[in-house]
Each structure stands twice: as C-alpha cells, then as structure tokens.
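**Q** Submitted below is the structure of interest, expressed as structure tokens.
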Amino acid sequence: MKFNFENLGGIDQGSIALGDLTIICGPNNVGKTYISYAIYGLLRHFKQWIDLSVSRERLTQLRDEGTLLIELTDYQAKLASYLKSASSEFSENLPHYFNVPEDFFNGAKAEFSHGQLVFDFTNEFKQSVNFGQSEQLSFYKAENETVLSITFQTKSGGRVPNQILDDVISDHIADCLFADLLPRPFVVTSERTGIALFYKELDTSKNAIIEHITSGDKLNPIDLLNSMRARYARPIHDNITVVREYENYSKQKSYIRVEDECKPIRDSLQELLGGSFKVLNKQLVYMPKKERGRDKVVIPFYVASSSIKSLFLIDLYINSLAEKNGMLIIDEPELNLHPDNQRKMAGLLARLVNSGVKVLVTTHSDYLIRELNNRVMLNLDVENKGQIMKSAKMTDLDLLQPEQIKAYSLKDDHQIHAVEVDKYGINMEVFDNLIADANELADKIYYGIKE
Numbered sequence: 004m005k006f007n008f009e010n011l012g013g014i015d016q017g018s019i020a021l022g023d024l025t026i027i028c029g030p031n032n033v034g035k036t037y038i039s040y041a042i043y044g045l046l047r048h049f050k051q052w053i054d055l056s057v058s059r060e061r062l063t064q065l066r067d068e069g070t071l072l073i074e075l076t077d078y079q080a081k082l083a084s085y086l087k088s089a090s091s092e093f094s095e096n097l098p099h100y101f102n103v104p105e106d107f108f109n110g111a112k113a114e115f116s117h118g119q120l121v122f123d124f125t126n127e128f129k130q131s132v133n134f135g136q137s138e139q140l141s142f143y144k145a146e147n148e149t150v151l152s153i154t155f156q157t158k159s160g161g162r163v164p165n166q167i168l169d170d171v172i173s174d175h176i177a178d179c180l181f182a183d184l185l186p187r188p189f190v191v192t193s194e195r196t197g198i199a200l201f202y203k204e205l206d207t208s209k210n211a212i213i214e215h216i217t218s219g220d221k222l223n224p225i226d227l228l229n230s231m232r233a234r235y236a237r238p239i240h241d242n243i244t245v246v247r248e249y250e251n252y253s254k255q256k257s258y259i260r261v262e263d264e265c266k267p268i269r270d271s272l273q274e275l276l277g278g279s280f281k282v283l284n285k286q287l288v289y290m291p292k293k294e295r296g297r298d299k300v301v302i303p304f305y306v307a308s309s310s311i312k313s314l315f316l317i318d319l320y321i322n323s324l325a326e327k328n329g330m331l332i333i334d335e336p337e338l339n340l341h342p343d344n345q346r347k348m349a350g351l352l353a354r355l356v357n358s359g360v361k362v363l364v365t366t367h368s369d370y371l372i373r374e375l376n377n378r379v380m381l382n383l384d385v386e387n388k389g390q391i392m393k394s395a396k397m398t399d400l401d402l403l404q405p406e407q408i409k410a411y412s413l414k415d416d417h418q419i420h421a422v423e424v425d426k427y428g429i430n431m432e433v434f435d436n437l438i439a440d441a442n443e444l445a446d447k448i449y450y451g452i453k454e
C-alpha cells in the first residue's frame, strides 16, 4: 500500500510505501508526525467515506428470508473509485482531523495510491452483531471463497431500524473486503505520557464545568461546550478514548498474549517494562516485578517513571488489542527510554513484525536504527553467528530481511526521500553525519586543551 502527499505541513510532495516495517527519520519540524497521523487517519477512518449500502429490496429480502448472499467480486471494479473518494473526503477534512483552522491545510492532499490493487479473498471472515436480546446479524465467508453470507435472526418484538441494519451490513462488507488489503491501525502518539497522566483530571474538570453551566438560566450549554472544544488532533483523541476505556480493553486477550510462538514478544516487552499494569480500587497502578529479598511494590501510575508511562499504550496494544495483519504506528518509540532500552525496543519491533503486525515508526534514534540494522546483517554469513545470537538472547524471530523494511528521510527541502535498505540494513547517513560532526568538534576541543 502506498500513500501520496502534497502540501501537508512542511511536506511539499512525496510518497510513502508501507513495508512490514516502515521507518520515517528526520530532524524536528519537518513533518514526520503529519505523515504518520495522515496514514493512520486514512487507514482508520476510510470506511466512513465509502458507500457500500445495500438496497431497500435486499434488506426486505434479508428480513423475509433470513439470509442474504453478497458476491464480493462485484466490488472489484469500483475499488479505485472507493479509495479515490475516501482520499478526497479525507483531504477535505484535514482541518477537522487535525483540529486546526480551515485555511491551515489549503491545497493539502493525503491520498491512497490505488493503482494495481485487488481484493484478497484468501482468508475466512466470520463476525456477528447482537441487537439487544432479540436480533442478531451473522457474517461468514469461507477461505478462498468470494461470497459473503449474511444471516439475520430475530425474535418476535424485535425490530432494528433499516438504517441501522444497513449501516452495520455496510461496515462489515467493508471489513470483509479490505481486511487483507488495508491493515487495521492502532496509533501511539508522542503525547502518550501526558494523556495517560492527566485524562482523569480533564474529565473531572469538564464534568464540573458542565454541572455549573447547566445550572444557569442564561447560558446555552451546547454553544459553550462547542466553544471549549479540546484542541488536539484525532489520533490524540483516539488515544484518550483508549486510555479512558483501559479497564475494559485490558480484559481482552490478543493473539500475542495467548499463542506460544509469541512468547519471545512477551519476553521482549517484559524486559522493557519490568512489571505490569493493573487497575486496583479504580486506580491504575504499575507493579514492578518482585525482586528477591524485597517487598512487593505497587506504584500509582501518576508517580511511575516517564519511561513506564511511555510504554503504557504499547503494552495495552500488545497484550489486548493486537491483531494479525494489524498495524502499530508509534510516534518516537524511543520516547523517554535509556539508550539500552532503545535497543531493546528495536528488538521488540522486529519480533512484532515477524509475528504478523505491520509497524510504522517515526524516530530520531540512531540506537534504534543501528539495532535494527544488526538484525538485518545477521542474515548474512557471520562467523560465530549462533554464539552472537545466543549472547544477545536473539531467536529467528529477531532477524529482518531487507525486503521487509521501507525507510524514508525528511529533510529541509520539504521532500520525502526513500532511504536505501540493503543487506547491511538502513543507510545511516542522516545520523552518521551528525555523529561525525559531534566527534570532530570533540576532537578539536580535546586536542586544543591547554594543560
């Protein structure tokens, strides 16, 4: 999947093609976050701009007969127009998505590149939706089949409105069609530490204001609430929503949490985190792994270290929300991490990629890039390779092929530059030049010191 951008923030023009692992590097204030947010928005919200509704006659047939068959290949001819429509609508809604003034993104475009795309009907699709106690919609498509079967079961007294029925059916047709074409994304923004720390205080303040203004006779609560709308982009809003629902989400178990072959991922996460999160008495706490000879410790989340706060949403995704063929987008995975833990983060990302999760990161960390490169170079004929991997606690799940990686660099010329990835890994010029400059300055100072 490829995305095209024009006049987006500091980006004049450029394209990003997703790999199993996609890396966007560059200095501050060149547009990395704009790109990652736009990719997330297109993947996360495209369904709202695609019309897959069924006719009133077909809804009547479903109610009367209890079954409806949808031939999915009928949609192939319209795939390009679906993605073009979604791209156009998303581009027009960029100010709302980023929560900025209408003229902020004049002429901006963020689009799917839809050439040569085809639907993939390889995998089985099976989902159901309950409407209270009386009605249920079931969806099923067998492996390598192109017919989606929809079954509607209802008891006397149940009557879900046609509009809701159509919306649910349309949404699931989109899921079935695009599940293997467009990954379902989860974003971890660079604002994650503040979100996890302050969301309850924000809720409390808003509720207090609502209670106050609704007690007045001359105030219009709706107008006032609209005027005090929070100023943050949709990805940050989505992070806040997830954190608010943490207690419910954390009860779910992702495939990474339950499958034996994913144990190396859980081990990598535990090496980084050194403990676990839990809700005790309606309070989120961090519980470090108990050390021998020391008492068990329970730390309220708001006084946990910045690195623990930074890892909170990543932990939630891995343990509760991760899906095969899903996508994890992380803005600055190195945020608040010691260099040693930045290297461990690279190992965690490599293992996620090899377990079936696509990963996109924006980063400033040369530690992260170098460690990823180590995992590429270990595919070569390396002397004492087994011993090296054993001492580094690596498994085959750590190794990355060059073909799995797409890397990009953003510079002051306002363009997106593809970075070469070969058998030695990602070209490190963007960091090597900075390190060379720093070393040169250090040498001048050191050799110029007068004893």
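In the numbering used here, the protein residues as written are 4 to 454.
Glycine included, each C-beta is placed from N, C-alpha and C at the ideal position.
1. Return yes when the Cβ of P188 is within less than 8 Å of the Cβ of M392, no when it is not.
2. With DSSP as the reference, please indicate the residues paired to Y143 in a beta bridge.
3. For the candidate residues L200, Y40, R378, whose alpha-carbon lies nearest to that of E406?
4. Are the region 332-342 and the region 300-320 touching, with three or more C-beta to C-beta distances below 8 Å?
5. If the criterion is Cβ atoms closer than 8 Å, does the pair G44 and G12 meet it?
6. Would you mind listing the alpha helix (DSSP H) stretches within the region 364-402 that are 4+ residues and don't spill past its ends, in chain order?
7. Look up E423 in the DSSP assignment and say whether it is helix, strand or coil.
8. Rounding to the nearest angstrom, what Cα-Cα distance links Y259 and R354 in this structure?
9. Roughly how many angstroms separate the alpha carbons of Y235 and E386, rounded to a whole number?
10. Of all the alpha helix (DSSP H) runs that stay within the bounds of the region 46-119, which reach a length of 4 or more residues?
11. Give the straight-line distance between the Cα atoms of D241 and I268, rounded to the nearest whole angstrom.
12. By DSSP, does P342 sit in helix, in strand, or in coil?
13. Identify every residue that forms a DSSP beta bridge with A20.
14. Under 8 Å: do the region 175-189 and the region 97-109 share three or more Cβ pairs, one atom per stretch?
15. Compare the C-alpha of G17 against each of I429, A421, E294 and name the closest.
16. What's the gap between the Cα of F134 and the Cα of N147?
17. Identify whether L176 lies in helix, strand or coil by the three-state DSSP scheme.
18. Starting from the Cα of G359, find the closest Cα among A41, E443, P186 and give me that residue.
19. Would you report the Cα separation of E9 and Q418, rounded to the nearest angstrom?
20. Just the C-alpha distance for T192 and E326, rounded to the nearest angstrom, thanks.
21. Where do the N-terminal and C-terminal ends of the beta strand (DSSP E) with K409 fall, by residue?
22. So, using beta-carbon positions, are Y411 and I14 closer together than 8 Å?
23. Using CA coordinates, which residue listed in K5, P164, T25 is at the minimum distance from V424?
24. What alpha helix (DSSP H) runs, 4 residues minimum, are completely inside the region 240-281?
25. Quick check on the burial criterion: 16 or more other C-beta atoms within 10 angstroms. Buried or exposed for E374?
26. Is there at least one non-hydrogen atom of the ligand FMN closer than 7 Å to the beta-carbon of I372?
27. With distance defined between alpha-carbon atoms, name the residue in H99, Q79, F124 nearest to H117.
28. Which of helix, strand or coil does DSSP assign to K361?
**A** This is what the structure holds:
1. Against the sequence shown, residue 392 aligns to sequence position 389. Against the sequence shown, residue 188 aligns to sequence position 185. No, Cβ-Cβ distance for M392 and P188 is not below 8 Å.
2. By 1-based counting over the sequence shown, the position of residue 143 is 140. In DSSP, Y143 forms a bridge with K129, S152.
3. Within the sequence shown, the letter at position 403 stands for residue 406. Ranking the options by Cα distance to E406, first place goes to R378.
4. yes
5. Position 41 of the sequence shown, counted from the start, is the residue given in the question as residue 44. Position 9 of the sequence shown, counted from the start, is the residue given in the question as residue 12. Cβ distance not < 8 Å, so G44 and G12 don't count as in contact.
6. 369-380, 388-394
7. Counting from one through the sequence shown, the residue named residue 423 turns up at place 420. It is coil, neither helix nor strand.
8. By one-based count along the sequence shown, residue 259 stands at place 256. By one-based count along the sequence shown, residue 354 stands at place 351. The residue asked about is misnamed: residue 259 is Ile in this sequence, not Tyr. Going by the C-alpha atoms only, they are around 11 Å apart.
9. The count along the sequence shown starts at 1 and reaches residue 235 at position 232. The count along the sequence shown starts at 1 and reaches residue 386 at position 383. Going by the C-alpha atoms only, they are around 51 Å apart.
10. 59-68, 82-95, 97-101
11. By one-based count along the sequence shown, residue 241 stands at place 238. By one-based count along the sequence shown, residue 268 stands at place 265. Rounded to whole angstroms, D241 to I268 spans 25 Å at the Cα level.
12. Here residue 342 corresponds to residue number 339 of the sequence shown, with the count starting at 1. Correct three-state label for P342: helix.
13. The sequence position of residue 20 within the sequence shown is 17, counting from 1. Bridge partners of A20: K5.
14. no
15. Residue 17 sits at position 14 when you count from the first residue of the sequence shown. The residue with the shortest Cα to Cα distance from G17 is A421.
16. The residue labelled residue 134 in the question sits at position 131 within the sequence shown. The residue labelled residue 147 in the question sits at position 144 within the sequence shown. F134 and N147: Cα-Cα distance of roughly 30 Å.
17. Looking up residue 176 in the sequence shown gives position 173. For the sequence presented, residue 176 should be read as Ile rather than Leu. In this structure, I176 counts as helix in the three-state DSSP scheme.
18. To locate residue 359, count along the sequence shown from 1; it is residue 356. When each option's Cα is compared against that of G359, the closest is P186.
19. If you number the sequence shown from 1, residue 9 lands on position 6. If you number the sequence shown from 1, residue 418 lands on position 415. Whole-angstrom Cα-Cα distance: 10 Å.
20. Along the sequence shown, one-based indexing puts residue 192 at 189. Along the sequence shown, one-based indexing puts residue 326 at 323. Approximately 19 Å between the Cα atoms of the pair.
21. Position 406 of the sequence shown, counted from the start, is the residue given in the question as residue 409. That run of the beta strand (DSSP E) goes 408-413.
22. Counting from 1 along the sequence shown, the entry for residue 411 is found at position 408. Counting from 1 along the sequence shown, the entry for residue 14 is found at position 11. Not in contact: Y411 and I14 (Cβ atoms no closer than 8 Å).
23. Reading the sequence shown from its first residue, position 421 is the one you call residue 424. When each option's Cα is compared against that of V424, the closest is T25.
24. 249-252, 258-261, 266-276
25. In the sequence shown, counting from the first residue as 1, residue 374 sits at position 371. Label assigned to E374: buried.
26. With respect to the ligand FMN, the structure offers nothing, as it holds no ligand at all.
27. In the sequence shown, the residue the question calls residue 117 occupies position 114. Distance from the Cα of H117 is smallest, within the candidate group H99, Q79, F124, for Q79.
28. In the sequence shown, the residue the question calls residue 361 occupies position 358. In the structure shown, K361 falls within a strand segment according to DSSP collapsed to helix, strand and coil.
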